[in-house]
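Numbering (UniProt numbering), first residue to last: 1 to 690.
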Amino acid sequence: QTRSLLGVFEEDAAAISNYINQLFQAMHRIYDAQNELSAATHLTSKLLKEYEKQRFPLGGDDEVMTSTLQQFAKVIDELSSCHAVLSTQLADAMMFPITQFKERDLKEILTLKEVFQIASNDHDAAITRYSRLSKRKENEKIKAEVTEDVYTSRKKQHQTMMHYFCALNTLQYKKKISLLEPLLGYMQAQISFFKMGSENLTEQLEEFLTNIGTSVQNVRREMDCEVENMQQTIEDLEVASDPLYLPDPDPIKFPAHRNLTRKAGYLNTRNKTGLVSSSWDRQFYFTQGGNLMSQARGDVAGGLVMDIDNCSVMAVDCEDRRYCFQITSFDGKKSSILQAESKKDYEEWICTINNISKQIYLSENPEEIAARVNQSALEAVTPSPSFQQRHESMRPAVQSRPPAARTSSTGSLGSDSAALSALSLDSLVAPDTPIQFDIISPVSEDLPGQAKSSGQSGRRTNPFGESGGSKPETEDSILHQLFIVRFLGSMEVKSDESPDVVYETMRQILAARAIHNVFRMTESHLLVTCDCLKLIDPQTQVTRLQFPLPNVVLYATHQENKRLFGFVLRTSGGRVESRQTSICYIFESNNEGEKICDSVGLAKQIAFHAELDRKASEKQKEIERVKEKQQKELNKQKQIEKDLEEQSRLIAASSRSNQSSTEGHFVVASSSQSEDSDLGEDGKKKRESE
């Protein structure tokens, strides 16, 4: 706005200079050419009449000035036929004031403009050198020299700017004087030279000239008063602005405002110029509603950089520059890395964008609501006296929702959330529980109940289940869904039976981040499979953490901010090895919290049905084995019975055979004896041979 207003003033000064040069040339013709006096006077009258056609950007009293000059033009036309030689009088009364204005005042404006431009360029160069200060290899002597250079150049620019603005404001008064004084001198010279006032100059015209002279004196006195006031203002501003010349003021004397919903200022933005190279450009950035705008020097208006509704902002380490932060759009498709000039601006920009991303600016009193939200965050680390009060402060809009509305995507292996309505905060989250803001890998070091396979930590993992040599353990999974998430924190909880545990953990972690100014977040890829949840490094594809899906007993999204979601992991060890512990992990996604919870629920359903199928298959196999065993025993029993029957038949047959042979022997013996007695000796011999 200041640069644009300055451009208007400079355009007005150029228009004044152009017009004054024309008027000066016209009056100089009157002075040089006595024979062409009438023609020059007529030209002067013509130029005075054309004043109303001029477009002075700051011409506030053009109507009065135009009517006055029109009256002068009329009188000059009447006097152009009788004026002859006015050399001396015109030189003193007409040419001197306008020459003084042209040679002194207008040249002073041009000189101050050049000095201001040089001071502005020096300040830009000093700021550029200061922005390039390294935070790792920082030389105190160089830093002091650069800081002193920024201080000197900024002070010089400010002082030059104030004097330049004062001269531009004064020019508006001098313009009136430089126009009126030569004309007044010209008319007085005409009266005194020809002594024909009684013929050509009536009393009414004399009264008009007297009024003009009085007006000129009043304008001069007003100008002197205004100049004096501006000089006093300049002195006061120099004293008050001295601490602000430092590029990084003391944060104790100038604390950061965290309740802003609008912010404007110069930032350095990183632009990639190649695969690994980048450049930094300094532009003016400002917020407009839910949009981040930028405007280069010389542009008429700003251009849209990014829609920052529901966006995410976090501090980043960027090369060797300080005070850098990254803004990512709600869909994660666009991001910008910016550098603030000081720590105060750095914190204010992050807090302002956070407030805008929550759409606080749409309310009637945005700064008051932002202050209330931040105060609630500061008070959030102190537990509320009751569970109901905590929910009233955490979710004020829940009661106004219809009963059938879906509040979040949740899943739990425990009981219903209504069972916790009478519990206190201590039954959800243990007091004085430490919060972990960063990811520690591998997870099995802190979770003894989780199995750690060889090569699990630090192994490069393909999130889509494809690999070259070895088969990944999730390759057989029919579900592979990948999400971009940022880790906010984790802490141990005392209960895992209700989504309220996740809500309370979200509240405490966000409150702790706000209190301790923790803006840094670790971005990862969350891979959801039917076996486990994996956090994968997006750069190296190395698995940071792995959570077995059966141990994930609870998951939920925030009821208001759908980008926040969390899950509770149940492990077999923790602070006390004799009991199971539950740890709640909180993440921020790109507006995909419900999708992630739905994906986890689908994975658990698939795993559950797979487990049922596995158990059914095992049961069927067991039944078949039992049947096969029974069949074998039955066949064996039948074989034994068959063998027994066969043996019985053999014994019976043997018994009958023995009995038959004995009876036959007795019969044969008796018959042979009877026959022997009948046959005699020859018959006995034949029987014996038979």
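Cβ coordinates follow ideal geometry from the N, Cα and C atoms, glycine included.
If we ignore side chains and look at the alpha-carbon of each, how far apart do residue i and residue j end up?
i, j, result
"F487", "F608", "28 Å"
"S490", "F437", "7 Å"
"A479", "S277", "The sequence shown places Leu at residue 479, not Ala. Computed Cα separation, rounded: 39 Å."
"L533", "V568", "12 Å"
"A616", "E622", "10 Å"
"V542", "K358", "33 Å"
"R258", "V305", "23 Å"
"L37", "T128", "59 Å"
"I20", "K174", "11 Å"
"R262", "L292", "10 Å"
"S153", "I118", "10 Å"
"L224", "V239", "The sequence as given places Asp at residue 224; Leu does not occur at that position. C-alpha separation (whole angstroms): 23 Å."
"Q559", "R321", "38 Å"
"P396", "V373", "Any reading at P396 must be qualified, since the residue scores a pLDDT of 38, below 50, and its modelled position is unreliable; the value itself is stated next. So the two alpha carbons sit approximately 12 Å from each other."
"Q100", "Y245", "37 Å"
"F116", "M161", "6 Å"
"A370", "L260", "7 Å"
"V75", "P97", "21 Å"
"T2", "A301", "13 Å"
"I596", "S4", "49 Å"
"E475", "K604", "Low per-residue confidence applies at E475: pLDDT is 46, beneath 50, and the placement is therefore not dependable, though the value from the model is reported in the following sentence. C-alpha separation (whole angstroms): 17 Å."
"T581", "V626", "41 Å"
"K49", "D92", "25 Å"
"S134", "K155", "24 Å"
"S157", "I234", "Reading off the sequence shown, one finds Gln at residue 157, where the question assumed Ser. The straight-line gap from Cα to Cα measures roughly 13 Å."
"D281", "F330", "25 Å"
"A314", "M230", "It should be noted that the sequence gives Met, not Ala, for residue 314. Looking at the two C-alpha atoms, the distance is approximately 44 Å."
"E504", "A556", "11 Å"
"A73", "D124", "49 Å"
"N355", "L69", "57 Å"
"A610", "N551", "16 Å"
"V501", "V493", "7 Å"
As a quick exercise: from the options, pick the residue whose alpha carbon is nearest that of residue i.
i, options, result
"V316", "I327, T88 and T128", "I327"
"Y361", "F208, E504, T68 and D309", "D309"
"V64", "P57, V75 and Y51", "Y51"
"Y26", "T147, Y186 and H123", "Note that residue 26 is Ala in the sequence shown here, rather than Tyr. Residue Y186 is the option with its Cα nearest to A26."
"V485", "L106, L244 and E523", "E523"
"L267", "S336, L260 and G290", "S336"
"C584", "Q89, R570, V216 and L58", "R570"
"P255", "S17, S312 and K344", "K344"
"L527", "P538, Q190, K143 and A93", "P538"
"I30", "I16, R3 and S87", "S87"
"G7", "E148, N635, N365 and P57", "P57"
"M506", "L650, N561 and F519", "N561"
"E364", "E78, L338, E108 and G289", "G289"
"D77", "L43, L90, M94 and S655", "L43"
"E148", "Q188, P247, R132 and M521", "P247"
"N18", "G593, K333, K102 and K141", "K102"
Below 6 Å CB to CB, which residues in the same chain sit around residue i once its five sequence neighbours on both sides are set aside?
i, result
"E473", "Note on E473: pLDDT 43, under 50, position unreliable in the model; the coordinate value appears next. Around E473: no qualifying Cβ."
"F284", "Y266 and Q295"
"L168", "F9"
"T352", "L260 and K263"
Mind checking who residue i pairs with in its DSSP beta bridge?
i, result
"S490", "Q436 and Y585"
"residue 693", "The requested residue 693 does not occur in the structure, where the chain is confined to residues 1 to 690."
"A315", "F325"
"W349", "The partner list for W349 (beta bridge, DSSP) is empty, contrary to what the question assumes."
"A264", "F286"
"T269", "D281 and L338"
"G303", "S294"
"Q481", "V528"
For residue i, I'd like the list of residues in its chain whose CB is within less than 7 Å of its CB, leaving aside the five on either flank, ordered along the chain.
i, result
"G213", "L184"
"residue 744", "Coverage of the chain is limited to positions 1 through 690, which leaves residue 744 absent and any answer about it impossible."
"Q481", "V528 and S599"
"L47", "Q22, L23 and A26"
Once the 5 residues before and after residue i are set aside, which same chain residues still bring their CB inside 8 Å of it?
i, result
"R220", "Y173 and I177"
"E11", "P57"
"T66", "Y51 and E52"
"K253", "P243"
Between residue i and the ligand ZN, is there a pair consisting of the residue's CB and a ligand heavy atom that are separated by less than 7 Å?
i, result
"S131", "Annotation note on the ligand ZN: not contained in the displayed structure, which lists no ligands."
Contiguous alpha helix (DSSP H) assignments of at least 4 residues, all confined to the UniProt domain "PID" (483-619):
500-516
For the stretch 10-44, which segments carrying the beta strand (DSSP E) assignment without a break, of at least 3 residues, lie completely within its bounds, in sequence order?
none
My parser needs the alpha helix (DSSP H) runs of 4 or more residues fully inside the stretch 114-175; what are they?
none
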